[in-house]
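Under UniProt numbering, the first residue of the first sequence is numbered 1, with each subsequent residue one higher.
C-beta: ideal position from N, C-alpha, C; glycine also.
Below: the structure, in C-alpha cells.
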Amino acid sequence: MVSRSSTRFLNICIASFCKAKHLQRAETVIIDGVRLGVLPDVVTYNTLINAYSRFVSFDAAYSVLDRMKEASIKPDIITYNSLIAGAMRHCLLSNCMDLFEEMLELGIKPDIWSYNTLMHCFFKLERPDDAYRTARWMLKELGASGLVPNVITYTTVMRCCFRSRRFEQGLEIFEEMIDKGYTFDGFAYCTVVGALVKTCRIEEASHYMERMVNTDIGLDMASYNTLINLYCKGGKLEMAHGVLDKMEKEGFERDEYTNTILMNGLCEEGDVEGAMEYMNVAGFNSNLVALNTMVDRCCKADQIDYAFKIFDSMHMRDSFTYSSLIHNLCKVGRFRCASKLLLSCVRSGTRILPSAKHAVFDCLRHSGHQREVKRLKSEIKLALSAVV
DNA sequence: AGTATCACTA
Numbered sequence: 001m002v003s004r005s006s007t008r009f010l011n012i013c014i015a016s017f018c019k020a021k022h023l024q025r026a027e028t029v030i031i032d033g034v035r036l037g038v039l040p041d042v043v044t045y046n047t048l049i050n051a052y053s054r055f056v057s058f059d060a061a062y063s064v065l066d067r068m069k070e071a072s073i074k075p076d077i078i079t080y081n082s083l084i085a086g087a088m089r090h091c092l093l094s095n096c097m098d099l100f101e102e103m104l105e106l107g108i109k110p111d112i113w114s115y116n117t118l119m120h121c122f123f124k125l126e127r128p129d130d131a132y133r134t135a136r137w138m139l140k141e142l143g144a145s146g147l148v149p150n151v152i153t154y155t156t157v158m159r160c161c162f163r164s165r166r167f168e169q170g171l172e173i174f175e176e177m178i179d180k181g182y183t184f185d186g187f188a189y190c191t192v193v194g195a196l197v198k199t200c201r202i203e204e205a206s207h208y209m210e211r212m213v214n215t216d217i218g219l220d221m222a223s224y225n226t227l228i229n230l231y232c233k234g235g236k237l238e239m240a241h242g243v244l245d246k247m248e249k250e251g252f253e254r255d256e257y258t259n260t261i262l263m264n265g266l267c268e269e270g271d272v273e274g275a276m277e278y279m280n281v282a283g284f285n286s287n288l289v290a291l292n293t294m295v296d297r298c299c300k301a302d303q304i305d306y307a308f309k310i311f312d313s314m315h316m317r318d319s320f321t322y323s324s325l326i327h328n329l330c331k332v333g334r335f336r337c338a339s340k341l342l343l344s345c346v347r348s349g350t351r352i353l354p355s356a357k358h359a360v361f362d363c364l365r366h367s368g369h370q371r372e373v374k375r376l377k378s379e380i381k382l383a384l385s386a387v388v
C-alpha cells in the first residue's frame, strides 16, 4: 500500500518534469526512486513514451518499450495508443501500422482512442482519397467492435472529407455534429471555416464563422486565429486588426499562428517587404511556416535570390519549402536549378509534392530537354532507394 | 499520474 502511493507520487513528479521537457531530470528521479524502493509502473513508462516521442524521437519513445520488458511491466492500451501517436508525429506510417498489429497480437483490444489516432495518422500521412477511404473503413471496423464514434472521430472524418474535396459530405457531418451536441467547443467550427478559407470559399466560411460567434462558445486562441485569417483572406485587414485588438484586450497574446496569418495578410496586399520586417521585428523568424511563406512570396515578387538567401538560412525545411521554390524556379524557366533542388530534396529524405516534381519534368520537356527528364527520373529513383 | 480532434504555407 505504501509503495503504491509512493509510485503515484513518483508518477506525478515524472509527469511534471516531462511536461517541462526536463527528461533527464525525470530519468534521474526514476533512478533515485528505485534506490529508495519506489518502482515505476506502466503509467511511469507511458508518461516517458509520450515525452520522448514529443520532444526527442520515435526511436527514443520506442526504446522505452524495451525497458518495460526488462522491468517485466506489461504495456497496456495507452502504451500502444501513445506509441502509434508518436510514430505519426514523426511521419512513420508503417510504424503506426506495425504497432497496431503488435497490439492485436498481444491481445490488447483497440479502443476508440486507438481508432481515432490511427485515423488521424492516415489523415496526416496518406493521400486525401486514401485517407478518406481508410476513415470510412475504420468507422465500420470500430462499429463492429461495439465502439461508438465520439466527437474526435467525427472531427477527423470531417477533415478527411474536406481534404479530399468532399465538401458537401463534410458539411453534412458538421450538421450532424451540431445535432449530437458535438459543437460545445470551437473545434468543429474551426475545422469547417479553415477548410473553406483554404479553398477560397470566403462567403461560406463567413457564414459558419457567424454561426460560431452567435453561440455562447467562448472564442479560444484557435478560433481567434481562424477569424483573423478569414478577414485577412477576405482582404479585410482592418477588420482583422479589430479582432486582434479585441483578442489582446481579452488577455490572449498573439502566437505564431497569428503572426503568420498577419504576415500573409501583408503579402496578400502586396507588401512583401513589410511582411518580412514584421516577421523579423515580431521575432518569429525561426518559424518554419512563416519562412516557407516568405520563400514563396519573395519568389512571386521576383526576388528569387532573396528567397534563396532565406532558404539557405533555414535550419529546417519541409516539402513546402522545396516545392514552392521549385515551382517558382520552373515558372521563370530556371529548370537546371529546379532539377538540382528537386534532387537535393529527395536526397534529404523530404517528401516532394507530386505537383512540384511534375512542374520540373514539364519545364524540362518544354525547353526541349527530353533526355534530362529521363535522367532526372532515374536519379530520383536512385536517391529514393538510398534514403529508404 | 499516462493517450486521440480545431487555427498559419502550396
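Through-space distance from residue j to residue i, alpha-carbon basis
{"i": "Val-373", "j": "Leu-364", "result": "7 Å"}
{"i": "Tyr-322", "j": "Asn-81", "result": "32 Å"}
{"i": "Ser-6", "j": "Leu-99", "result": "31 Å"}
{"i": "Met-103", "j": "Ile-178", "result": "34 Å"}
{"i": "Val-29", "j": "Ser-344", "result": "43 Å"}
{"i": "Arg-375", "j": "Cys-337", "result": "15 Å"}
{"i": "Cys-18", "j": "Asp-59", "result": "17 Å"}
{"i": "Ile-108", "j": "Ile-77", "result": "6 Å"}
{"i": "Val-192", "j": "Leu-219", "result": "15 Å"}
{"i": "Tyr-52", "j": "Glu-126", "result": "24 Å"}
{"i": "Asn-264", "j": "Gly-33", "result": "51 Å"}
{"i": "Glu-172", "j": "Met-88", "result": "28 Å"}
{"i": "Cys-121", "j": "Arg-136", "result": "14 Å"}
{"i": "Leu-147", "j": "Leu-139", "result": "9 Å"}
{"i": "Arg-25", "j": "Ala-188", "result": "38 Å"}
{"i": "Thr-117", "j": "Gly-186", "result": "20 Å"}
{"i": "Arg-334", "j": "Phe-252", "result": "45 Å"}
{"i": "Lys-69", "j": "Ala-61", "result": "14 Å"}
{"i": "Lys-180", "j": "Leu-196", "result": "22 Å"}
{"i": "Ala-282", "j": "Arg-371", "result": "47 Å"}
{"i": "Lys-300", "j": "Leu-329", "result": "10 Å"}
{"i": "residue 423", "j": "Ser-324", "result": "With the chain covering 1 to 388 only, the question about residue 423 has no answer from this structure."}
{"i": "Ser-63", "j": "Ile-84", "result": "14 Å"}
Candidates the options: closest to residue i by CA position
{"i": "Lys-309", "options": "Met-294, Ser-319, Phe-320, Asp-318", "result": "Met-294"}
{"i": "Cys-200", "options": "Gly-107, Gly-235, Lys-180, Met-212", "result": "Gly-235"}
{"i": "Phe-284", "options": "Cys-13, Leu-262, Lys-300, Cys-267", "result": "Leu-262"}
{"i": "Gly-349", "options": "Ala-359, Leu-382, Arg-334, Val-360", "result": "Leu-382"}
{"i": "Phe-9", "options": "Ile-326, Lys-377, Leu-36, Ser-57", "result": "Leu-36"}
{"i": "Thr-44", "options": "Tyr-62, Cys-13, Ser-63, Lys-124", "result": "Cys-13"}
{"i": "Asp-318", "options": "Arg-334, Phe-335, Ser-339, Leu-288", "result": "Leu-288"}
{"i": "Cys-91", "options": "Ser-145, Glu-141, Leu-325, Lys-124", "result": "Lys-124"}
{"i": "residue 390", "options": "Phe-252, Gly-251, Tyr-224, Glu-253", "result": "In the structure as shown, the chain begins at 1 and stops at 388. Residue 390 is therefore absent and cannot be evaluated."}
{"i": "Val-272", "options": "Asp-302, Ala-282, Met-314, Thr-258", "result": "Asp-302"}
{"i": "Arg-67", "options": "Ile-84, Ser-16, Ile-31, Leu-93", "result": "Ile-31"}
{"i": "Phe-167", "options": "Phe-184, Leu-341, Lys-198", "result": "Lys-198"}
{"i": "Met-316", "options": "Cys-298, Ser-286, Cys-330, Leu-329", "result": "Ser-286"}
{"i": "Val-38", "options": "Glu-101, Ala-20, Ala-71", "result": "Ala-71"}
{"i": "Val-42", "options": "Leu-237, Glu-141, Leu-65", "result": "Leu-65"}
{"i": "Gly-270", "options": "Leu-93, Asn-292, Cys-298, Ser-378", "result": "Cys-298"}
{"i": "Lys-340", "options": "Glu-379, Ser-63, Ile-304, Glu-176", "result": "Glu-379"}
{"i": "Thr-258", "options": "Met-221, Glu-268, Glu-101", "result": "Met-221"}
{"i": "Ser-57", "options": "Ile-73, Thr-47, Gly-86", "result": "Gly-86"}
{"i": "Asp-255", "options": "Leu-266, Ala-290, Glu-268", "result": "Ala-290"}
{"i": "Cys-267", "options": "Ala-15, Ile-49, Asp-296", "result": "Asp-296"}
{"i": "Lys-377", "options": "Ser-63, Glu-141, Phe-361", "result": "Phe-361"}
{"i": "Ala-386", "options": "Ala-359, Val-346, His-369", "result": "Val-346"}
Residue burial classification, residue i (beta-carbon count within 10 angstroms, cutoff 16)
{"i": "Arg-159", "result": "buried"}
{"i": "Pro-40", "result": "buried"}
{"i": "Pro-75", "result": "buried"}
{"i": "Thr-260", "result": "buried"}
{"i": "Thr-215", "result": "exposed"}
{"i": "Val-213", "result": "exposed"}
{"i": "Gly-194", "result": "buried"}
{"i": "Phe-55", "result": "exposed"}
{"i": "Lys-357", "result": "buried"}
{"i": "Ser-164", "result": "buried"}
{"i": "Leu-106", "result": "exposed"}
{"i": "Met-1", "result": "Because Met-1 carries a pLDDT of 46, less than 50, the predicted location of this residue cannot be relied on, and the following value inherits that uncertainty. The residue in question, Met-1, is exposed, as its Cβ has fewer than 16 Cβ neighbours within 10 Å."}
{"i": "Val-332", "result": "exposed"}
{"i": "Ser-367", "result": "exposed"}
{"i": "Leu-384", "result": "exposed"}
{"i": "Phe-184", "result": "exposed"}
Check: residue i C-beta below 7 Å from any heavy atom of the ligand NAD
{"i": "Val-148", "result": "This structure simply doesn't include the ligand NAD, nor any ligand for that matter."}
Quiz item: Is there contact here, the segment 237–248 with the segment 275–282, by at least three beta-carbon pairs under 8 Å?
Solution: no
Exercise. Do the segment 201–211 and the segment 222–242 touch if we need at least three Cβ pairs shorter than 8 Å?
Worked result: yes
- Okay, do the segment 112–128 and the segment 148–155 touch, 3+ Cβ pairs below 8 Å being the bar? Short answer: they touch.
#### Entry: Contact the segment 127–134 vs the segment 160–168: 3+ CB pairs below 8 Å
yes
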